[in-house]
Amino acid sequence: MKKQPNMVLVDYIKTTTGQGFHLERVRKALLDVGHKRRDVHHAIRSVFPDYNALPKLPAYTAMAALLIIALVSGVLMVRFINSQGSFLSGGSSAITGQAVAETPGCSTGTSEEKDWCHYQLAKAHADIGPCREISNYELRDFCLDAFQGYVDCTLIADPILEQQCMAR
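Its first residue numbered 3, the sequence shown is counted upward by one per residue in the numbering used here.
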């Protein structure tokens, strides 16, 4: 059996809302003077059957906040991926121009010693610049082939990208 609402509360709600007071203000006033929440809710529901005591605004606000966070995260992720440049896209963003390699330690000695010195510099710096200074064409070709596409995979911060680099 359904409990009947308190008729005193029902009459009060009808008269105060009829005078233009906002329903939430009336509800708060009744709760502030000590009426039970359930009694006030039943009285309001008997006057306004479509009344819902729990407004949906907080739920919509939370959903909007989550949507904004997801959108901002997506934008930041796209910007991060784009900042990784050519490694992710498979393209190449090469800086064009001719670099001159300074090789002060390789200027003395025999031709073979100079070639070996240039090779060691190229190997130490993973740079093909010193390879171009090698006079022995076989060693020069080997040096150019060995270090042309060399990438130090251990310097990549992202572990997934590092694994992809190691797999090449």
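Note that CB positions come from ideal geometry on N, CA and C, so glycine has one too.
Of the residues assessed, H24 falls on the exposed side of the cut-off, its CB having fewer than 16 other CB atoms within 10 angstroms.
Counting other Cβ atoms within 10 Å of its Cβ, V42 reaches 16 or more and is therefore classed as buried.
Contact between A124 and C133 holds: CB atoms are separated by about 5 Å, below the 8 Å threshold. Taking C-beta atoms under 8 Å as the contact rule, H44 and K5 qualify, at a distance of about 7 Å. Between the alpha carbons of I46 and A64 lies a gap of roughly 27 Å. One thing to note: I136 has its Cβ no nearer than 7 Å to the Cβ of D160.
For the pair H120 and G107, the Cα-to-Cα distance works out to about 9 Å. For the set A67, S48, K30, the Cα lying nearest the Cα of D13 is the one of S48.
As the crow flies, the alpha-carbon of T112 is around 20 Å from that of F144.
Exclusion of the five residues before and after N8 leaves D41, A45 as the residues of its chain whose Cβ lies within less than 7 Å of its Cβ. The three-state secondary structure of S109, taken from DSSP, is coil.
Collapsing the DSSP output to three states places S137 in coil. Taking 7 Å as the cut-off, the Cβ atoms of L141 and I130 do not count as close. Membership of D13 in the alpha helix (DSSP H) is indicated by the continuous run 9-20.
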